[in-house]
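S.K.: Just passing along the structure, written as C-alpha coordinates.
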Amino acid sequence: MSIGKKYGMKMKVKENKKAPTFKLIGTKNMKFDLKNFKGKLVIYFYPKDDTPGCTVETKDFSKLYKNFKKANCEVVGISKDSIESHEKFKKKYKVPFELLSDPDVKSQKKYGVWGMKSFMGKKFLGTIRSTVFIDKGKIKKIWSNVRVKNHAKEVFNFVSSYN
(Lines of atoms letter the chains of each structure in order from A; the text may use other names.)
(Lines give C-alpha, C1' and ligand atoms only; values in the text may rest on other atoms or scores of the structure.)
Protein backbone atom coordinates (compact mmCIF):
# COMPACT_ATOMS: atom_id res chain seq x y z
CA MET A 1 0.00 0.00 0.00
CA SER A 2 1.26 3.47 -0.82
CA ILE A 3 0.54 6.43 1.41
CA GLY A 4 1.11 9.03 -1.27
CA LYS A 5 -0.82 7.46 -4.16
CA LYS A 6 -4.17 8.89 -3.10
CA TYR A 7 -2.68 12.37 -2.77
CA GLY A 8 -0.52 12.43 -5.91
CA MET A 9 2.84 12.39 -4.14
CA LYS A 10 5.88 11.33 -6.19
CA MET A 11 7.71 9.35 -3.52
CA LYS A 12 5.82 6.32 -2.34
CA VAL A 13 6.59 4.01 0.53
CA LYS A 14 5.44 0.44 0.51
CA GLU A 15 5.20 -2.35 3.03
CA ASN A 16 8.14 -4.79 3.07
CA LYS A 17 10.36 -2.22 1.36
CA LYS A 18 13.30 -0.30 2.81
CA ALA A 19 12.25 2.72 4.85
CA PRO A 20 13.52 6.04 3.49
CA THR A 21 16.15 7.40 5.87
CA PHE A 22 16.18 10.85 7.37
CA LYS A 23 18.01 12.89 10.00
CA LEU A 24 15.94 15.15 12.25
CA ILE A 25 16.38 17.05 15.49
CA GLY A 26 14.25 16.26 18.52
CA THR A 27 13.71 18.01 21.80
CA LYS A 28 16.72 18.98 23.91
CA ASN A 29 18.68 19.00 20.63
CA MET A 30 18.56 15.19 20.34
CA LYS A 31 19.74 14.06 16.90
CA PHE A 32 17.78 11.20 15.34
CA ASP A 33 19.16 9.37 12.29
CA LEU A 34 16.90 6.59 11.00
CA LYS A 35 19.87 5.03 9.21
CA ASN A 36 21.40 4.23 12.63
CA PHE A 37 18.18 2.89 14.18
CA LYS A 38 18.23 -0.91 14.17
CA GLY A 39 15.12 -2.02 16.08
CA LYS A 40 11.35 -1.68 15.92
CA LEU A 41 9.99 1.81 15.47
CA VAL A 42 6.58 3.45 15.18
CA ILE A 43 6.61 6.84 13.48
CA TYR A 44 3.42 8.81 13.56
CA PHE A 45 3.25 11.88 11.35
CA TYR A 46 0.88 14.52 12.68
CA PRO A 47 -0.12 18.01 11.53
CA LYS A 48 0.41 20.33 14.52
CA ASP A 49 1.31 20.42 18.20
CA ASP A 50 -1.42 21.23 20.72
CA THR A 51 -4.37 20.98 18.34
CA PRO A 52 -7.35 18.79 19.32
CA GLY A 53 -6.74 15.71 17.14
CA CYS A 54 -2.96 15.79 17.47
CA THR A 55 -3.20 16.16 21.24
CA VAL A 56 -5.53 13.15 21.53
CA GLU A 57 -3.29 11.07 19.28
CA THR A 58 -0.13 12.03 21.20
CA LYS A 59 -1.77 11.40 24.59
CA ASP A 60 -2.96 7.98 23.38
CA PHE A 61 0.54 7.00 22.21
CA SER A 62 1.90 8.34 25.53
CA LYS A 63 -0.51 6.18 27.56
CA LEU A 64 0.64 3.09 25.66
CA TYR A 65 4.34 4.00 25.53
CA LYS A 66 5.39 1.63 28.34
CA ASN A 67 3.60 -1.19 26.51
CA PHE A 68 5.41 -0.32 23.27
CA LYS A 69 8.72 -0.39 25.16
CA LYS A 70 7.87 -3.82 26.63
CA ALA A 71 7.34 -4.95 23.02
CA ASN A 72 10.87 -3.62 22.26
CA CYS A 73 9.47 -0.85 20.09
CA GLU A 74 10.31 2.86 20.14
CA VAL A 75 7.78 5.57 19.22
CA VAL A 76 8.47 8.98 17.69
CA GLY A 77 6.17 11.71 16.45
CA ILE A 78 7.06 13.94 13.50
CA SER A 79 5.55 17.26 12.52
CA LYS A 80 6.82 20.44 10.91
CA ASP A 81 6.55 22.30 14.22
CA SER A 82 9.65 23.87 15.75
CA ILE A 83 11.69 22.33 18.55
CA GLU A 84 10.39 25.07 20.87
CA SER A 85 6.81 24.08 20.06
CA HIS A 86 7.62 20.39 20.61
CA GLU A 87 9.25 21.13 23.97
CA LYS A 88 6.16 23.03 25.21
CA PHE A 89 3.86 20.29 23.89
CA LYS A 90 5.92 17.52 25.53
CA LYS A 91 6.03 19.34 28.85
CA LYS A 92 2.33 20.22 28.87
CA TYR A 93 1.23 16.61 28.23
CA LYS A 94 4.20 14.75 29.75
CA VAL A 95 5.03 13.05 26.44
CA PRO A 96 7.59 10.29 27.22
CA PHE A 97 9.00 9.84 23.70
CA GLU A 98 10.71 12.09 21.18
CA LEU A 99 8.94 14.54 18.93
CA LEU A 100 11.04 15.30 15.87
CA SER A 101 10.98 18.59 13.99
CA ASP A 102 10.70 18.46 10.19
CA PRO A 103 10.32 22.17 9.32
CA ASP A 104 11.15 21.73 5.63
CA VAL A 105 8.91 18.60 5.46
CA LYS A 106 11.64 16.56 3.72
CA SER A 107 10.94 13.39 5.68
CA GLN A 108 7.19 13.85 5.22
CA LYS A 109 7.65 14.15 1.47
CA LYS A 110 9.84 11.02 1.40
CA TYR A 111 7.08 9.10 3.16
CA GLY A 112 4.33 10.61 1.00
CA VAL A 113 2.49 12.15 3.96
CA TRP A 114 2.81 15.76 2.78
CA GLY A 115 0.07 16.52 0.32
CA MET A 116 -3.10 18.30 -0.64
CA LYS A 117 -5.75 18.48 2.06
CA SER A 118 -9.18 20.03 2.21
CA PHE A 119 -10.92 21.71 5.13
CA MET A 120 -14.22 23.56 4.93
CA GLY A 121 -13.96 23.74 1.15
CA LYS A 122 -10.42 25.14 1.10
CA LYS A 123 -7.53 23.15 -0.32
CA PHE A 124 -4.03 23.45 1.10
CA LEU A 125 -0.78 21.51 1.51
CA GLY A 126 -0.33 19.82 4.86
CA THR A 127 0.55 16.69 6.78
CA ILE A 128 -1.70 13.73 6.08
CA ARG A 129 -1.99 12.00 9.45
CA SER A 130 -0.23 8.66 8.91
CA THR A 131 1.75 6.07 10.85
CA VAL A 132 4.41 3.56 9.81
CA PHE A 133 5.87 0.62 11.68
CA ILE A 134 9.47 -0.15 10.80
CA ASP A 135 11.52 -3.17 11.83
CA LYS A 136 15.23 -3.36 11.06
CA GLY A 137 14.96 -0.67 8.39
CA LYS A 138 11.96 -2.12 6.53
CA ILE A 139 8.43 -0.81 6.56
CA LYS A 140 6.21 -3.56 7.91
CA LYS A 141 2.89 -1.73 8.20
CA ILE A 142 1.39 1.55 6.99
CA TRP A 143 -1.68 3.31 8.31
CA SER A 144 -2.58 6.25 6.06
CA ASN A 145 -5.01 9.10 6.49
CA VAL A 146 -5.87 7.71 9.92
CA ARG A 147 -8.64 8.65 12.30
CA VAL A 148 -7.37 9.47 15.78
CA LYS A 149 -9.88 7.50 17.85
CA ASN A 150 -8.36 4.13 18.87
CA HIS A 151 -5.48 4.54 16.39
CA ALA A 152 -2.66 4.20 18.95
CA LYS A 153 -4.33 1.07 20.34
CA GLU A 154 -4.65 -0.39 16.83
CA VAL A 155 -0.96 0.28 16.20
CA PHE A 156 0.01 -1.25 19.54
CA ASN A 157 -2.11 -4.35 18.86
CA PHE A 158 -0.28 -4.84 15.56
CA VAL A 159 3.16 -4.27 17.10
CA SER A 160 2.47 -6.60 20.04
CA SER A 161 1.35 -9.42 17.73
CA TYR A 162 4.21 -8.85 15.27
CA ASN A 163 6.92 -11.51 15.21
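Heads up, the sequence shown is in our numbering, so the first residue is 1 and it goes up one at a time.
The beta carbon of each residue, even a glycine, is placed where N, CA and C say it ideally should be.
#1: Please state whether the Cβ-Cβ distance between I78 and F45 is less than 8 Å.
#2: Please name the residue in K14, N29, T21 and V13 whose C-alpha comes closest to that of E98.
#3: Count the other CB atoms, across all protein chains shown, that sit within 10 Å of the CB of K110; report buried if there are 16 or more and exposed otherwise.
#4: Please give me, in chain order, every unbroken run of the beta strand (DSSP E) with length at least 3 that falls completely inside the stretch 80-127.
#5: Using CA atoms only, rank isn't needed, just tell me which of M120, Y162 and E154 is closest to I139.
#6: For my contact list, E87 and T27 are in at a C-beta cut-off of 8 Å; report their separation, rounded to the angstrom.
#7: For S130, I'd like the list of residues in its chain whose CB is within less than 6 Å of its CB, leaving aside the five on either flank, ordered along the chain.
#8: For the ligand ATP, I want to know if S101 counts as a neighbour, meaning its beta carbon is within less than 7 Å of at least one of the ligand's heavy atoms.
#9: Using a Cβ-Cβ cut-off of 7 Å (strictly less than) and excluding sequence neighbours within five positions of N72, which residues of its own chain qualify?
#10: Between which two residues does the beta strand (DSSP E) carrying F133 extend?
M.R.: This is what the structure gives:
#1: yes
#2: The shortest C-alpha to C-alpha distance from E98 to any of K14, N29, T21 and V13 is the one to N29.
#3: buried
#4: 98-101, 114-119 and 122-127
#5: Y162
#6: Indeed, because the Cβ distance is near 5 Å, the residues count as touching under 8 Å.
#7: I3, F45, V113 and S144
#8: The ligand ATP is not part of the structure shown, which contains no ligands of any sort.
#9: In the same chain as N72, and ignoring 5 residues on each side of it, the C-beta atoms closer than 7 Å to its own belong to G39 and K40, in chain order.
#10: It spans S130 to D135 - the beta strand (DSSP E) in which F133 sits, taken as one unbroken run.
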